[in-house]
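There are 2 protein chains.
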Amino acid sequence: MKRRHFLQAAGLGLATTALAKPAIAQSNPAINWRLTMSAPKSLDSVYGACEVFGKRVAEITDNQFQIQVFAAGEIVPALAVLDAVQAGTVEMGNTSAYYYWGKDPALAFGSGVPFGLNTRQMESWLRHGGGNELLQDVFASFNCCGIPMGNTGCQMGGWFRKEINKVDDLRGLKFRIGGFAGKIISKLGVVPQQIAAGDIYPSLEKGTIDAVEWIGPYDDEKLGFQKIARYYYYPAWWEGSSNLHTLVNLAKWNGLPKPYQAALLAAARDAGHWMTGKYDAGNPPALKRLLAGGTQLRPFSQEIMEASYRAANEVCAETSADNPRFKKIYDSMVAFRGDSYLWWQVAEMSFDSFQVRMRART
Amino acid sequence: MKRRHFLQAAGLGLATTALAKPAIAQSNPAINWRLTMSAPKSLDSVYGACEVFGKRVAEITDNQFQIQVFAAGEIVPALAVLDAVQAGTVEMGNTSAYYYWGKDPALAFGSGVPFGLNTRQMESWLRHGGGNELLQDVFASFNCCGIPMGNTGCQMGGWFRKEINKVDDLRGLKFRIGGFAGKIISKLGVVPQQIAAGDIYPSLEKGTIDAVEWIGPYDDEKLGFQKIARYYYYPAWWEGSSNLHTLVNLAKWNGLPKPYQAALLAAARDAGHWMTGKYDAGNPPALKRLLAGGTQLRPFSQEIMEASYRAANEVCAETSADNPRFKKIYDSMVAFRGDSYLWWQVAEMSFDSFQVRMRART
Chain A
1 MKRRHFLQAA
11 GLGLATTALA
21 KPAIAQSNPA
31 INWRLTMSAP
41 KSLDSVYGAC
51 EVFGKRVAEI
61 TDNQFQIQVF
71 AAGEIVPALA
81 VLDAVQAGTV
91 EMGNTSAYYY
101 WGKDPALAFG
111 SGVPFGLNTR
121 QMESWLRHGG
131 GNELLQDVFA
141 SFNCCGIPMG
151 NTGCQMGGWF
161 RKEINKVDDL
171 RGLKFRIGGF
181 AGKIISKLGV
191 VPQQIAAGDI
201 YPSLEKGTID
211 AVEWIGPYDD
221 EKLGFQKIAR
231 YYYYPAWWEG
241 SSNLHTLVNL
251 AKWNGLPKPY
261 QAALLAAARD
271 AGHWMTGKYD
281 AGNPPALKRL
291 LAGGTQLRPF
301 SQEIMEASYR
311 AANEVCAETS
321 ADNPRFKKIY
331 DSMVAFRGDS
341 YLWWQVAEMS
351 FDSFQVRMRA
361 RT
Chain B
1 MKRRHFLQAA
11 GLGLATTALA
21 KPAIAQSNPA
31 INWRLTMSAP
41 KSLDSVYGAC
51 EVFGKRVAEI
61 TDNQFQIQVF
71 AAGEIVPALA
81 VLDAVQAGTV
91 EMGNTSAYYY
101 WGKDPALAFG
111 SGVPFGLNTR
121 QMESWLRHGG
131 GNELLQDVFA
141 SFNCCGIPMG
151 NTGCQMGGWF
161 RKEINKVDDL
171 RGLKFRIGGF
181 AGKIISKLGV
191 VPQQIAAGDI
201 YPSLEKGTID
211 AVEWIGPYDD
221 EKLGFQKIAR
231 YYYYPAWWEG
241 SSNLHTLVNL
251 AKWNGLPKPY
261 QAALLAAARD
271 AGHWMTGKYD
281 AGNPPALKRL
291 LAGGTQLRPF
301 SQEIMEASYR
311 AANEVCAETS
321 ADNPRFKKIY
331 DSMVAFRGDS
341 YLWWQVAEMS
351 FDSFQVRMRA
361 RT
């Protein structure tokens, strides 16, 4: 009942509270939106960012614009967020666009593709490199607009019960991996598995799967993989960064007063900043605890990295041949990446490398 | 006249527009603030961020809260921004806190100290590592609060007319360098020079100074240093990242309605994101142009880096002994840095290193 009321208010240009008020109040109507997430509450960096987002929007609007946050499965299944926002079942959702690459592979660029951009490159490409405009084209075809809202940073390559040294060691490996990367890694003989958060641990424990990638030390530790897999590989070449989006149903977006649209954009940036910072603060102590508990860090070998790189380039070339929108975004991302790493290796990487060397001496 | 009117309005609790309006409008009074900058307009990433900030605040508040942006020197000298905000001459300022380290060395942490944090570490330390709270203590003693608003990323070590290979080559070198780093580099025999943006080029051209550090390729190219100095060194070990602050006079801040405070915080994060992204998009093509024009890139030698590192540690230890507030912030930053680089070298750096290697092959 309440829900229907709010939707009608939105449909009517949000005019319900404006009649008896002066001009200034017309831009400040009381509305209440629902935001449904792909993440469970236990992913407190991602879930927390949505709470920060809703709280900031409420503060800015003097509590006139309320956003109610629902974790995965509370009102919509984890991987049906795009569908729910597209249909207008909810006004907003928070998700990773690559979950829906089966609908259109171009959606993968919303999260990031294998051997894509690092976190700052992704943020810069989205805002200043044309990335965000290109993606809006894709989202619009799903009746949404997409507001970038935070990045996990570079992820870990996951938990393996046995060491993986050569490409041969990957053949037949049942590996829980999300998004577009599954298509790529299957070229190396891996059997990719899509498994929801709550089912991953028992699957690995029982041996239904051989290995699992999730996010990074902060989140992985909470799921307890270190108890049943000894080797923790890096990096997740498929997620050099991983961007989240807050999706808004296009008609709902267009019905918002301009000040509320601006509040959403600014609050999303604020919440995204909170999220990336929370990962960057939470991953180091979690990694220390994991190492103290016996976890063995292993880099993917150069052979595996290079074979994966070739597979990624092949899949992206094949997909580009089929899908002009994918090609257009891929070409933009690749050009940005090439220039950016020319610069990145100069100041940023030399500073970080020196800092790491000096740390090792103390 | 206009100015006096606005200050009075602020002093009266901003109640001028509220009398004839319903409750909802009281949180949305019309006000007009001035923001004065340390940066000239030619630094369009920093100046542009202040414009983005003001525009976003206006959009969010339906044009009720207007921020007028003044470049360095238009109403307040470039390096007197803190003083002007402290005195309430202007409501807001945008500056680098390290310019004022002579007033209190603890202010240096607002921008970043030599061999401090990289950009993401700085953002995370400020928001989740206690950095921002520690800094508010410092700003409050100058009658301000400080809102972080963007980072330039790791800077370049500057332009030298001769190659610098050994610490001996630094002795007697007249080097334009900003902030707390000048004190540190003087331990290596450098004669640090504080010179405002507009005077640097002629000083280097005439030989009044021997070398200059400014920011990075995007900004440096505009000042034209490549025309008079051949060697471009990296990294700026004194600015592994460089954070900007928007300062707000404390009484003015406390007089703002809560929704306006929230709008400022969210809009500052939005503008800071815009700024860092603009540097990350602008530096790569600028570097390409500089290299095509004959600029020679040179890394600082390990000998120079290590001598500088020791000098930085000495100066920070000496300053900590004199200044408990400096010590408290330094200890917090050092602890955060140590943990963070343990993690950073795993996923982030291995991903970036691989990407750089593959780029070199294509």
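Those sequence lines, one after another, are chains A and B. For the first sequence, counting from 1, position 162 maps to 162 in the working numbering; every step adds exactly one. For the second sequence, counting from 1, position 84 maps to 84 in the working numbering; every step adds exactly one. For each residue, glycine too, the CB sits at the ideal point set by N, CA and C.
Inside the region 279-341 of chain A, DSSP marks whole beta strand (DSSP E) runs of 3 or more residues at positions 296-299, from first to last along the chain. Contact annotation, Pro202 (chain A) with Phe175 (chain A): C-beta distance approximately 16 Å; criterion of less than 8 Å not satisfied. Within the region 183-220 of chain B, the runs of alpha helix (DSSP H) at least 4 residues long that lie entirely inside it are, in chain order, 197-206. For Gly110 (chain B), the uninterrupted alpha helix (DSSP H) run begins and ends at 108-111, by DSSP.
DSSP places Met358 (chain B) in the uninterrupted alpha helix (DSSP H) bounded by 347-361.
In the three-state reduction of the DSSP assignment, Leu247 (chain B) falls in the strand class, which pools E and B.
At a cut-off of 8 Å between C-beta atoms, Trp253 (chain B) does not count as an interface residue with respect to chain A.
Linking Leu135 (chain B) to Leu107 (chain B) through their CA atoms gives a straight-line distance of about 8 Å. If you draw a 10 Å sphere on the C-beta of Lys166 (chain B), you find fewer than 16 other C-beta atoms in it, and that means exposed.
A Cβ-Cβ distance of about 5 Å is found for the pair Thr246 (chain A) and Met149 (chain A), placing them in contact under the 8 Å criterion. Straight across, the Cα-Cα distance linking Arg127 (chain A) with Glu133 (chain A) is about 8 Å.
Under DSSP, Arg34 (chain A) forms a beta bridge with A:Gln68.
Beta-carbon to beta-carbon, Met156 (chain B) and Glu213 (chain B) are separated by about 7 Å, close enough to satisfy the 8 Å threshold.
Residue nearest to Gln194 (chain A) within the set A:Gly182, A:Pro105, A:Ser301 is A:Gly182 (criterion: CA-CA distance). Secondary structure of Arg127 (chain A) (DSSP, three-state): helix. For the set B:Gly277, B:Arg171, B:Ala262, B:Lys278, the Cα lying nearest the Cα of Ala271 (chain A) is the one of B:Ala262. Within the same chain, Thr36, Val76, Val90, Gly93 come within 7 Å of Ala84 (chain A) by CB-CB distance, once the 5 residues on both sides are set aside.
What Ser38 (chain B) touches in chain A, judged by beta-carbon distance under 9 Å, is nothing: the nearest beta carbon there is about 22 Å away. Among the residues of chain A, those whose CB is under 7 Å from the CB of Ser350 (chain B) are Tyr234, Pro235, Pro299, following chain order.
The C-beta of Gln155 (chain A) comes closer than 8 Å to at least one C-beta of chain B.
Only those residues of the region 334-350 of chain A whose C-beta falls short of 7 Å from the nearest C-beta of chain B are listed: Gly338, Asp339, Ser340, Tyr341, Leu342, Trp343, Trp344, Gln345, Val346, Ala347, Glu348, Met349, Ser350. With 16 or more other CB atoms across the displayed protein chains lying within 10 angstroms of its CB, Gln121 (chain A) is buried.
Taking 7 Å as the upper bound on Cβ-Cβ separation, chain B lies near residues Gln121, Glu123, Ser124, Arg127, His128, Gly129 of the region 121-137 of chain A. When C-beta atoms of the region 249-263 of chain A are compared with those of the region 316-323 of chain B, fewer than three pairs fall below 8 Å, so the two segments do not count as touching. Taking the Cα positions, Val138 (chain A) is about 30 Å away from Met305 (chain A). Contact annotation for Leu287 (chain A) against chain B: Asp339, Leu342, Trp343, Val346 [CB-CB distance below 9 Å, chain order]. Inter-residue distance for Ala267 (chain B) and Gly172 (chain B) is about 45 Å (C-alpha atoms, whole angstroms).
The DSSP-derived three-state label of Phe160 (chain B) is strand. Burial check for Asn63 (chain A): the Cβ neighbour count within 10 Å stays below 16, so the residue is exposed.
In this structure, DSSP gives Lys227 (chain A) a helical state, which the three-state scheme calls helix. Distance check between Tyr100 (chain B) and each of B:Ala335, B:Ile147, B:Phe142, B:Arg161 places B:Phe142 closest, using alpha-carbon atoms only. Around the Cβ of Lys278 (chain A), a 10 Å sphere holds 16 or more other Cβ atoms; the residue is buried.
Beta-carbon to beta-carbon, Ala39 (chain B) and Ala71 (chain B) are separated by about 7 Å, close enough to satisfy the 8 Å threshold.
As a beta-bridge residue in DSSP terms, Arg176 (chain B) pairs with B:Gln193, B:Val212. Going by C-alpha positions, Gly294 (chain B) is about 32 Å away from Val113 (chain B).
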